[in-house]
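Beneath this line is the structure, given in structure tokens, with notes to follow.
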Amino acid sequence: MSLLTVLYVLLFYAAAVIFVVGLGRKIWQFATVPAPLKIPTTPAPTTRGGVALRIAREVALFESLFKSNRWIWVFAVLFHAGLLLVVVRHLRYFTEPVWGVVTLAQPFGIYGGMAMVVGLLGLWARRAVVDRVRYISSPSDHLMLALLVAIGATGLGMKYVLHTDIVQIKAFTLGLLYFDWRPLPGDPLLLLHLGLVALLMIVFPFSKLLHAPGVFFSPSRNMVDNPRETRHVAPWAAPLDAARDR
Amino acid sequence: MMRLTGGLLLVGLALGAVPVSAGDGVPLPTPARGKGTQCVEPTDTMRRYHMDYLLHQRDETVHRGIRGTKYALKDCVECHATPDPRPEVRALTLYGFCKECHDYAAVSIDCFGCHTPVSASSEGGSQ
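If you want it as structure tokens, here you go:
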């Protein structure tokens with residue numbers, strides 16, 4: 001096996017461990033950190049079912065963003081919906097035999113890739129053009145967008161300009177899953193694409209991209225608006241509360 | 001067990017949808033070797049670019065009337081036809097060869113709705 005293959009195999013195992021463990025730790029933290037106050041953004045649902053629906057709308061439709069800024073919403077949806085299609089297209093590398101829906105979704109995955117990059121460029125332009133957003137943009141905001149654009153661009157580059165050996169790259173990814181390592185084709189765009197994806201997996205648990213799991217734990221979204229019906233006492237505050245009542 | 005661990009490790013990569021199927025080692029497509037010593041381009045290049053050659057040649061033919069170059073589909077048939085995978089079809093066709101990789105890579109092509117995949121050298125073959 002070539003040095004290149006060994007390097008990428010190790011890189012992906014390391015990236016996967018950092019991604020899973022890092023994300024797990026963060027989710028644990030989000031789930032256990034105290035939420036002392038009842039602070040749903042009103043108007044808010046008054047039942048748990050209503051809250052579940054609200055979060056579902058937030059995750060699937062970006063409801064609050066829609067209400068606050070239509071332009072950002074358009075680009076955000078282009079990016080995220082595009083990303084979803086791209087992920088489905090990429091499932092062909094992880095499944096053998098390939099699932100029927102994944103085969104049917106192949107062409108849409110390509111359009112998804114284009115939509116994704118357009119959405120990202122729109123979001124990036126906003127950081128450059130809108131004064132008040134430019135003022136609060138930090139280097140990490142730009143670097144994150146650059147990383148995602150570069151991943152999309154190298155992917156589309158392989159589809160349309162410098163092809164790679166798809167059969168061999170699928171064998172490589174299956175090899176990672178099966179612990180039966182296969183050579184990685186040495187095409188530059190592919191190496192760049194995969195390197196950037198590994199980098200994304202590595203920085204994910206330390207980056208603003210944590211908003212993905214984070215949205216589920218946001219107190220202003222996931223709380224029921226029932227402060228009059230039931231008194232809200234955070235678990236850690238319960239003993240103090242009981243002591244005071246005595 | 002090893003394979004299971006591998007699957008778990010990459011759970012993030014495949015967004016929780018890692019299917020770890022049975023069988024030993026990585027499944028690979030095995031397209032039959034073509035006739036002759038080599039393809040119309042080096043094998044590595046064919047693996048990456050055969051679609052571009054075919055689609056470009058199609059445009060050349062359909063729009064500009066240029067025929068009979070080395071990327072003609074009927075030449076692929078002559079070197080790459082194999083016994084058809086469907087038992088009721090008793091002819092040498094391109095299906096098996098092209099399908100071998102295309103199923104693996106989730107590629108669907110509609111070329112043989114119009115073009116014949118049947119080799120002239122097989123019985124009942126027509127152009």
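Top line first, the protein sequences correspond to chains L and G.
Sequential numbering of the first sequence, starting at 1, is according to this note's numbering.
Sequential numbering of the second sequence, starting at 1, is according to this note's numbering.
The beta-carbon is built from N, C-alpha and C at its ideal position, and this holds for glycine as well.
To the nearest angstrom, report how far apart residue i and residue j are at their CA atoms.
i, j, result
"CYS101(G)", "THR32(L)", "49 Å"
"SER140(L)", "GLY50(L)", "35 Å"
"THR93(G)", "GLY22(L)", "52 Å"
"ALA243(L)", "PRO34(L)", "19 Å"
"PRO117(G)", "ALA91(G)", "10 Å"
"HIS281(L)", "LEU53(L)", "Because chain L is modelled from 1 through 246, residue 281(L) falls outside the range shown and cannot be assessed."
"GLU96(L)", "GLN106(L)", "15 Å"
"THR37(G)", "CYS76(G)", "14 Å"
"PRO29(G)", "GLY122(L)", "41 Å"
"HIS80(L)", "LEU210(L)", "14 Å"
"LEU4(L)", "LEU191(L)", "9 Å"
"GLN57(G)", "GLU41(G)", "14 Å"
"ILE251(L)", "LEU199(L)", "Residue 251(L) lies beyond the range of chain L shown here (1 to 246); nothing can be said about it."
"LEU55(G)", "GLY34(G)", "21 Å"
"GLY112(L)", "ALA106(G)", "17 Å"
"ALA120(G)", "TYR49(G)", "26 Å"
"GLY152(L)", "TYR160(L)", "12 Å"
"PRO239(L)", "PRO36(L)", "13 Å"
"THR43(G)", "ILE27(L)", "48 Å"
"LEU61(L)", "VAL149(L)", "22 Å"
"TYR112(G)", "TYR93(L)", "Strictly speaking, residue 112(G) in this sequence is Phe, with Tyr absent from that position. The alpha-carbon atoms of PHE112(G) and TYR93(L) are separated by roughly 26 Å."
"PRO83(G)", "GLY96(G)", "8 Å"
"LEU143(L)", "THR42(L)", "34 Å"
Once DSSP output is grouped into helix, strand and coil, what is the label at residue i?
i, result
"LYS208(L)", "helix"
"THR230(L)", "coil"
"THR82(G)", "strand"
"LEU92(G)", "strand"
"GLY167(L)", "Correcting the residue type first, residue 167(L) is Val in the shown sequence and not Gly. VAL167(L) falls in the helix class under three-state DSSP."
"VAL26(G)", "coil"
"VAL203(L)", "helix"
"VAL133(L)", "helix"
"VAL118(G)", "strand"
"MET38(G)", "Looking at the sequence itself, residue 38(G) is Gln, so the reference to Met does not match. In this structure, GLN38(G) counts as coil in the three-state DSSP scheme."
"ALA106(G)", "coil"
"ALA243(L)", "helix"
"THR47(L)", "coil"
"ARG67(G)", "coil"
"ASN222(L)", "helix"
"SER2(L)", "coil"
"ALA237(L)", "helix"
"PRO213(L)", "helix"
"ARG92(L)", "helix"
"THR154(L)", "helix"
"THR42(L)", "coil"
"ARG182(L)", "coil"
"LEU10(L)", "helix"
"SER21(G)", "Interpretation of SER21(G) is limited by its pLDDT of 45, a score under 50 that renders its predicted location unreliable; the figure taken from the coordinates is listed afterwards. Coil."
"SER140(L)", "helix"
"TRP99(L)", "coil"
"ASP187(L)", "coil"
Is the CB-CB distance between residue i and residue j below 9 Å?
i, j, result
"ALA183(L)", "PHE172(L)", "The question names Ala, yet the displayed sequence has Pro at residue 183(L). Yes, the Cβ-Cβ distance between PRO183(L) and PHE172(L) is below 9 Å."
"VAL88(L)", "GLY119(L)", "no"
"MET116(L)", "LEU78(L)", "yes"
"PRO40(L)", "MET201(L)", "no"
"GLY214(L)", "PHE30(L)", "yes"
"PHE216(L)", "VAL74(L)", "no"
"PRO87(G)", "LYS99(G)", "no"
"THR46(L)", "ASP225(L)", "yes"
"HIS115(G)", "LYS74(G)", "yes"
"ASP165(L)", "ARG47(G)", "yes"
"ARG255(L)", "SER68(L)", "Beyond the ends of chain L as shown, which are 1 and 246, falls residue 255(L); an answer cannot be given."
"GLY155(L)", "VAL86(L)", "yes"
"TYR104(G)", "VAL102(L)", "no"
Got a sec: does the ligand NAD put a non-hydrogen atom nearer than 8 Å to the Cβ of residue i?
i, result
"PRO34(L)", "No copy of the ligand NAD occurs in the structure displayed, which carries no ligand at all."
Does the region 200–216 of chain L come within contact of the region 8–26 of chain L, defined as at least 3 CB pairs closer than 8 Å?
The answer is yes - the region 8–26 of chain L touches the region 200–216 of chain L, with three or more Cβ pairs under 8 Å.
What are the residues in the region 164–178 of chain L lying within 9 Å of chain G by C-beta distance?
Among the residues of the region 164–178 of chain L, those with a Cβ less than 9 Å away from any Cβ of chain G are THR164, ASP165, ILE166, VAL167, GLN168, LYS170, ALA171, PHE172, THR173, LEU174, GLY175, LEU176, LEU177 and TYR178, in the order of the chain.
Quick one: which residues of the region 89–119 of chain G get their C-beta closer than 8 Å to a C-beta of chain L? List them in chain order.
Under the 8 Å Cβ criterion, the region 89–119 of chain G contributes CYS101, ASP103, TYR104, ALA105, ALA106, VAL107 and SER108.
Does the pairing of the region 8–18 of chain L with the region 192–199 of chain L give three or more beta-carbon distances under 8 Å?
With a cut-off of 8 Å, the region 192–199 of chain L and the region 8–18 of chain L count as touching, because enough Cβ pairs lie within range.
Using a Cβ distance threshold of 8 Å, determine whether the region 24–33 of chain G contacts the region 62–73 of chain G, with at least three qualifying pairs required.
Per the Cβ contact rule, the region 24–33 of chain G is not in contact with the region 62–73 of chain G (fewer than 3 Cβ pairs under 8 Å).
Pairing CB atoms from the region 128–136 of chain L with CB atoms from the region 230–237 of chain L, are three or more of them under 8 Å?
Short answer: they don't touch.
Give me the subset of the region 23–43 of chain L whose CB atoms are less than 8 Å from a CB atom of chain G, sorted by chain position.
From the region 23–43 of chain L, only LEU23 have a Cβ closer than 8 Å to chain G.
Using a Cβ cut-off of 9 Å, which residues of the region 41–59 of chain G contact any Cβ in chain L, in chain order?
Taking 9 Å as the Cβ-Cβ cut-off against chain L, the residues of the region 41–59 of chain G that qualify are ASP44, ARG47, ARG48, TYR49, MET51 and ASP52.
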